[in-house]
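Numbering (the numbering used here), first residue to last: 977 to 1130. For every residue, glycine included, the Cβ atom is placed at its ideal position computed from N, Cα and C. Only one structure is covered here, and it is reproduced in the block below.
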């Protein structure tokens, strides 16, 4: 498995891999649609990046990084792994690549929001050094499903 930068040829895989997990646990929201249907405008065009996990020449996982939540902060978004390959280290590889890419992009922090029912994702974030935000640290979210925000200092 390798993790590489997104290309235009990855647009369908990026959309489908993310829709698979969102639709399994939640409802697809307007912000999801915008990012998944037009990642060029809503992620890359904002100075962000998308990474693709590839196995045997096929896209099997994704993660995005987009500026926001303050100077030097990147938001980790749209992290996915093909369901039949979960548990094979795709998430760990994507997280390691996202942290390296964030440093390369000059970030001082990575911020994310998630839902506490995504236990495997929470475990990965915690193992990676993310801490949960509370009280005044929390910021408004465009997602109804998000009930947890976390940050990693780089």
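{"query": "Contiguous alpha helix (DSSP H) assignments of at least 4 residues, all confined to the segment 1044 to 1123", "result": "1066 to 1080, 1095 to 1103"}
{"query": "DSSP beta-bridge partners of residue 980", "result": "1028"}
{"query": "Cβ pair residue 994, residue 1038 closer than 8 Å", "result": "yes"}
{"query": "Cβ pair residue 1096, residue 1070 closer than 8 Å", "result": "no"}
{"query": "Contacts around residue 981, its chain only, beta-carbon distance under 8 Å, and the 5 residues preceding and following it disregarded", "result": "1025, 1026, 1027, 1028"}
{"query": "DSSP three-state assignment for residue 1129, whether helix, strand or coil", "result": "strand"}
{"query": "Helix, strand or coil at residue 1037 according to DSSP, with G and I counted as helix", "result": "strand"}
{"query": "Residues of its chain near residue 1092, where Cβ-Cβ distance is below 8 Å and the 5 sequence neighbours each way are ignored", "result": "1098, 1123, 1124"}
{"query": "Separation of residue 998 from residue 1121, as counted between CA atoms", "result": "10 Å"}
{"query": "Environment of residue 1009 [buried if 16+ CB atoms lie within 10 Å]", "result": "exposed"}
{"query": "Sheet register partners of residue 1042 (DSSP bridge)", "result": "1051"}
{"query": "Residue 1021, DSSP secondary structure in three states", "result": "helix"}
{"query": "Neighbourhood of residue 1117 by C-beta distance below 7 Å, restricted to the same chain and skipping five residues each side", "result": "1089"}
{"query": "Residue 1043 versus residue 1032: straight-line alpha-carbon distance, rounded", "result": "31 Å"}
{"query": "Three-state secondary structure (DSSP) of residue 1013", "result": "helix"}
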